[in-house]
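The block underneath contains the structure these notes are about, expressed in structure tokens.
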Amino acid sequence: MRKFLIMLPIAVLFLSGCKTPTAIVNLRQAEDDLTIAGFDSGITERMEFHENSGFFYKFDYDKENLYLILATSDEDLQRKIVFFGLAVWTDRTGGHNKNQGFRFPPADNLLNNQQVMAPARSPDDLRSLLERTDKIELIGIYGNSVRTVKRRDSQIRINAGFVDDVLIYRATVPFGLLEHGYSPAGRGKMSIGLETGHLEAPSSARRAQDFDGRRPADRRRPQSGMSGRMPGQSPGMMTDWSRMEAQRAAAGNLSRPARLWIDLDFVRTGN
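Quick look at the structure:
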């Protein structure tokens, strides 16, 4: 009995930390053009923040669409979004299912974006990679298929970019595209899932290995009777392994997924 009483506060603390946050979704008061240009980095002060995932978020709606705004100033999370893409799951049952959603940038960008793994890459490189992405991956929107389409051809509209050091992500999701439809004026439930960093990074980024099978950390250590530079070795070569190790560390940070489910509570209009 005593052991049970000791463990009970720990269990309560664990469960409270795992509680799904609820977002109040207000009726949209005015239309805009979905651009990022009108925002400033202070937008995060008017948004909810989830500490464990690093996401700021805000929702509103009208009778036809759900509007989502996300933001993050966390550099690792920004790299995950640009490198792996951000999957947004839409579950009208509120059950946190991943049957329907979309990903931007799409998964087929993964191999093309290996350069964001480099820790020395500047924010301008991330901006450029994001701006060049013109496709969106639709998952379970049309039956059980996964389609990658041009953003201009998608009914789900997305715009993402950087304002100062903050990545801002906006999406417009028509209720009519959701499984079985959805009406915020009704009494149904709805939840939104956010997920990035869950795809496996390319093996070349995860593990750098020399031709003799030794890892870079082992290769840096002088062998018995050897020290200093080898004949003909330039000073710059001495730092190559350190650079590779730094890239592996960056890959390790990116390989830890960021996930968040949010239950939506629509402010009903009565109309």
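Residue numbers (the working numbering): 23 to 293. Ideal placement from N, C-alpha and C gives every residue a C-beta, glycine not left out.
Endpoints, the beta strand (DSSP E) within which D113 is located
L108 to D113
Coil, strand or helix - D147 by DSSP
helix
Cβ pair S213, L286 closer than 8 Å:
yes
Environment of S167 [buried if 16+ CB atoms lie within 10 Å]:
exposed
Under the three-state reduction of DSSP, which class applies to A45: helix, strand or coil?
strand
Look at the Cβ atom of G165, then the Cβ atom of I58, and state whether they are nearer than 8 Å.
no
Using the Cα positions of L282 and G215, report the straight-line distance between them to the nearest angstrom.
6 Å
What number of angstroms, rounded off, separates the C-alpha of P196 from the C-alpha of K120?
18 Å
Tell me which residues share the same chain as V185 and place their Cβ nearer than 8 Å to its Cβ, disregarding the 5 neighbours each side in the sequence.
I58, F61, D62, S63 and I65
Complete beta strand (DSSP E) runs within the region 62 to 108 (minimum length 3 residues, chain order):
70 to 72, 77 to 83 and 87 to 94
Can you give me the Cβ contacts of R236 inside the same chain, cut-off strictly under 7 Å, excluding the 5 residues immediately before and after it?
A caution first: R236 carries a pLDDT of 41, below 50, which makes its placement in the model too unreliable to give a value.
Which residue from V47, L200, N181 and G198 puts its Cα closest to that of Y191?
N181
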